[in-house]
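Chains as they are written, first to last, in the numbering used here: chain W, 1 to 171; chain A, 1001 to 1483.
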């Protein structure tokens, strides 16, 4: 997903830059004193185009609800408790099964932390906040065996960058 | 219709002095904060070695300093142009500056003397629970400093409201609502008044909410039994922070509304579209903040959905109204480019460009893999560095030119502009690239696999610093000569 989002961002920024450059190249040319009457002709299509894209993207990204369990399986998820405190994680299952839905119950004993689940290529797979007084749930199903890591993704003080836990996924 | 009627064509001399002084202060602090940013990128890129406690102190100073200075420069821009139409109090402006500077002293003392490193977002209960890294006194100094800065801004906005209501009778008129809803408006407010009115409404609310959570945090430092629900605190902090930082751009864009027409000969009118855009922005700026809380799954679902929808919708006025209008006004306008007009145009490009990665991260499914990675500083440096700061520098250059178009761009102008654009884009794209690579945000130590974009980002940041130094020197020397 990240590669696609990066390319999409680059493309849209480049498109915006091209439009600015095109207008700037013509800006010094003579014209009537007033803004040309036809200059607004793209505005309505642009507005309605953005509205249509917005509706489609909103529906496409909120249905199914992003916080729901994996809809591809009806298996009862394995509950894994992850408790954070400055500056370590306490995870009650560090060896996790393959292809079985897992729900992480994440909380904190002191300040806000961030539960960021990374694969062995250091790719962020999912995350949720670890908050004192609350339990946030995040669902994930591992489809590849190997070593995974939990990195802290909410700034929590001096050793924030070294607040890491190791997980192993076995077939 | 007495549209855009000014009180006087020339701004009172004391106003000019106060604004030039504020912009000088802002540019110096912007530069210092850029240097702190450069240091952080060099540390992350293993080009410089400093201990993590100092890194996080620098991170706290950089964030607080940039947000505060963006607010200061934005306020100077708004106040400068308000004085064309209404009579805000000069005394209140000096009082605002006094509160601001006193607050800055306390903030710097808290960070560099007391070791406070709780980030500019001071996420409760971190200030009180540092793991024995800083004392409660250091945290209190920082929090009290923020409170004083906030009081200064509150005075500034209340006085702006008084001045605006003095002429337009109420804020509904100043927002242009009679024009929007079809009735006659004898004194149609110019875009500067419409924008200022929206900003003072949203920022007054934000500052009050910010003051509440700051006060509770301060008391909690010494009376730990007095607590607040951490999720409620988080809502307060992100509501305040989101509105405040976005308002800095809303204030800065007033310079575009007021200055670009001098170059194009085409007045920037308070059309119904512009008024509708600002009214929508007023509502959306207040309601969109839950997009900072997508990873708090316990938040009510309707708030998270609202956050996602309004994240997208907030970008529409920026692109369809402000950016589109600027391009229409520029098109075949016979503009003579100078550093001012170029920087202001760059500022709108930066604002619109930053909206793109921001909207993308404003979707819950994307946020799950982008939140709190370097994608986040990528998008906000886009619309703050290339947007807000570019507009502020454009405004400063305008002041230095004696508030009239300058001569053609000199070589130093071209180098400064090119350096700022190239360096700024480089800073932004290296952040976004690292975000795409899942590199966490706010980490003092990066593994070797992450350091290449950090090192490249450091080079680009150095280019931005060099370009800003050129613009700063020209501003200071011209202001010194003219005074």
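Built from N, CA and C at the ideal position, the CB exists for glycine as well. Because the structure is a prediction, the values reported are computed rather than measured.
Going straight from the alpha carbon of residue i to that of residue j, what length do you get?
{"i": "residue 1359 (chain A)", "j": "residue 1471 (chain A)", "result": "31 Å"}
{"i": "residue 19 (chain W)", "j": "residue 1256 (chain A)", "result": "19 Å"}
{"i": "residue 1331 (chain A)", "j": "residue 1294 (chain A)", "result": "40 Å"}
{"i": "residue 1230 (chain A)", "j": "residue 1445 (chain A)", "result": "28 Å"}
{"i": "residue 1310 (chain A)", "j": "residue 1480 (chain A)", "result": "45 Å"}
{"i": "residue 1276 (chain A)", "j": "residue 91 (chain W)", "result": "51 Å"}
{"i": "residue 7 (chain W)", "j": "residue 1372 (chain A)", "result": "20 Å"}
{"i": "residue 1082 (chain A)", "j": "residue 1088 (chain A)", "result": "7 Å"}
{"i": "residue 153 (chain W)", "j": "residue 1297 (chain A)", "result": "15 Å"}
{"i": "residue 169 (chain W)", "j": "residue 148 (chain W)", "result": "7 Å"}
{"i": "residue 1270 (chain A)", "j": "residue 1258 (chain A)", "result": "12 Å"}
{"i": "residue 64 (chain W)", "j": "residue 1246 (chain A)", "result": "31 Å"}
{"i": "residue 1171 (chain A)", "j": "residue 1197 (chain A)", "result": "7 Å"}
{"i": "residue 1475 (chain A)", "j": "residue 1018 (chain A)", "result": "15 Å"}
{"i": "residue 1335 (chain A)", "j": "residue 111 (chain W)", "result": "54 Å"}
{"i": "residue 1432 (chain A)", "j": "residue 114 (chain W)", "result": "20 Å"}
Which bits of chain W does residue i rub up against, with CB to CB less than 8 Å?
{"i": "residue 1443 (chain A)", "result": "160 and 161"}
{"i": "residue 1373 (chain A)", "result": "124 and 153"}
{"i": "residue 1230 (chain A)", "result": "112, 131, 132, 133 and 134"}
{"i": "residue 1330 (chain A)", "result": "23, 24 and 27"}
Pick helix, strand or coil for residue i, following the three-state DSSP scheme.
{"i": "residue 1308 (chain A)", "result": "helix"}
{"i": "residue 1115 (chain A)", "result": "coil"}
{"i": "residue 133 (chain W)", "result": "coil"}
{"i": "residue 1186 (chain A)", "result": "coil"}
{"i": "residue 1439 (chain A)", "result": "coil"}
{"i": "residue 146 (chain W)", "result": "strand"}
{"i": "residue 127 (chain W)", "result": "strand"}
{"i": "residue 1085 (chain A)", "result": "coil"}
{"i": "residue 90 (chain W)", "result": "strand"}
{"i": "residue 1181 (chain A)", "result": "coil"}
{"i": "residue 1172 (chain A)", "result": "helix"}
{"i": "residue 67 (chain W)", "result": "coil"}
{"i": "residue 1015 (chain A)", "result": "helix"}
{"i": "residue 140 (chain W)", "result": "strand"}
{"i": "residue 79 (chain W)", "result": "strand"}
{"i": "residue 156 (chain W)", "result": "coil"}
{"i": "residue 1334 (chain A)", "result": "coil"}
{"i": "residue 168 (chain W)", "result": "strand"}
Using a Cβ-Cβ cut-off of 6 Å (strictly less than) and excluding sequence neighbours within five positions of residue i, which residues of its own chain qualify?
{"i": "residue 1326 (chain A)", "result": "1348"}
{"i": "residue 93 (chain W)", "result": "80"}
{"i": "residue 1292 (chain A)", "result": "1238"}
{"i": "residue 1390 (chain A)", "result": "1343, 1346, 1347 and 1350"}
{"i": "residue 1428 (chain A)", "result": "1378, 1381 and 1382"}
Got a sec? Which residues, its chain only, sit under 8 Å from residue i by beta carbon, not counting five neighbours each side?
{"i": "residue 143 (chain W)", "result": "98 and 99"}
{"i": "residue 1031 (chain A)", "result": "1465, 1468, 1469 and 1472"}
Excluding the five sequence neighbours on either side, which residues of its own chain have a C-beta within less than 7 Å of the C-beta of residue i, listed in chain order?
{"i": "residue 151 (chain W)", "result": "116, 118 and 164"}
{"i": "residue 1441 (chain A)", "result": "1372, 1373, 1374, 1376 and 1377"}
{"i": "residue 1216 (chain A)", "result": "1228"}
{"i": "residue 171 (chain W)", "result": "98 and 145"}
{"i": "residue 1286 (chain A)", "result": "1202, 1205 and 1243"}
{"i": "residue 1249 (chain A)", "result": "1351, 1383, 1387 and 1388"}
Give the residues of chain A in contact with residue i, contact being defined as C-beta atoms less than 7 Å apart.
{"i": "residue 43 (chain W)", "result": "1320 and 1324"}
{"i": "residue 86 (chain W)", "result": "1131"}
Chain A partners of residue i, CB-CB under 9 Å?
{"i": "residue 67 (chain W)", "result": "1297, 1301, 1304 and 1364"}
{"i": "residue 61 (chain W)", "result": "1308, 1363, 1364, 1365 and 1366"}
So which residues on chain W does residue i lean against when the C-beta distance must stay under 7 Å?
{"i": "residue 994 (chain A)", "result": "Any question about residue 994 (chain A) goes unanswered here, given that chain A covers just 1001 to 1483."}
{"i": "residue 1053 (chain A)", "result": "158"}
So with CB distances below 9 Å, who are the chain W contacts of residue i?
{"i": "residue 1434 (chain A)", "result": "Near residue 1434 (chain A) there are no residues of chain W at all, since even the closest Cβ is about 11 Å away, more than 9 Å."}
Quick one: list the residues of chain A neighbouring residue i, beta-carbon separation under 8 Å, in chain order.
{"i": "residue 46 (chain W)", "result": "1319, 1320 and 1324"}
(message) Against chain A, which members of the region 128–145 of chain W pass a CB distance test of less than 9 Å?
(response) Listed by position, the residues of the region 128–145 of chain W near chain A (Cβ gap below 9 Å) are 128, 129, 131, 132, 133, 134, 135, 136, 137 and 138.
(request) Give, in chain order, every residue of the region 1257–1287 of chain A whose Cβ lies closer than 7 Å to some Cβ of chain W. (result) 1265 and 1266
(message) Under 8 Å, CB to CB, which of the residues in the region 1383–1406 of chain A have a partner in chain W?
(response) none
(request) Compile a chain-ordered list of the residues in the region 1056–1082 of chain A whose CB is closer than 9 Å to at least one CB of chain W. (result) 1056 and 1059
(message) Output needed in chain order: residues of the region 1346–1362 of chain A with a Cβ under 8 Å from some Cβ in chain W.
(response) Residues 1349, 1352, 1353, 1356, 1357 and 1360.
(request) Taking a Cβ distance cut-off of 8 Å, strictly less, list which residues of the region 89–117 of chain W are near chain A, in chain order. (result) Residues 110, 111, 112, 114 and 116.
(request) Anything in the region 1119–1151 of chain A with a Cβ closer than 7 Å to a Cβ of chain W? List those residues in chain order, please. (result) 1119, 1123, 1125, 1126, 1129, 1130, 1131 and 1133
(request) Closer than 8 Å, Cβ to Cβ, to anything on chain A: give me those residues from the region 14–31 of chain W, in chain order. (result) 16, 17, 19, 20, 23, 24, 26, 27, 28, 29, 30 and 31
(message) Please identify, using Cβ separations under 7 Å, the residues of the region 1204–1226 of chain A that lie next to chain W, in order along the chain.
(response) none
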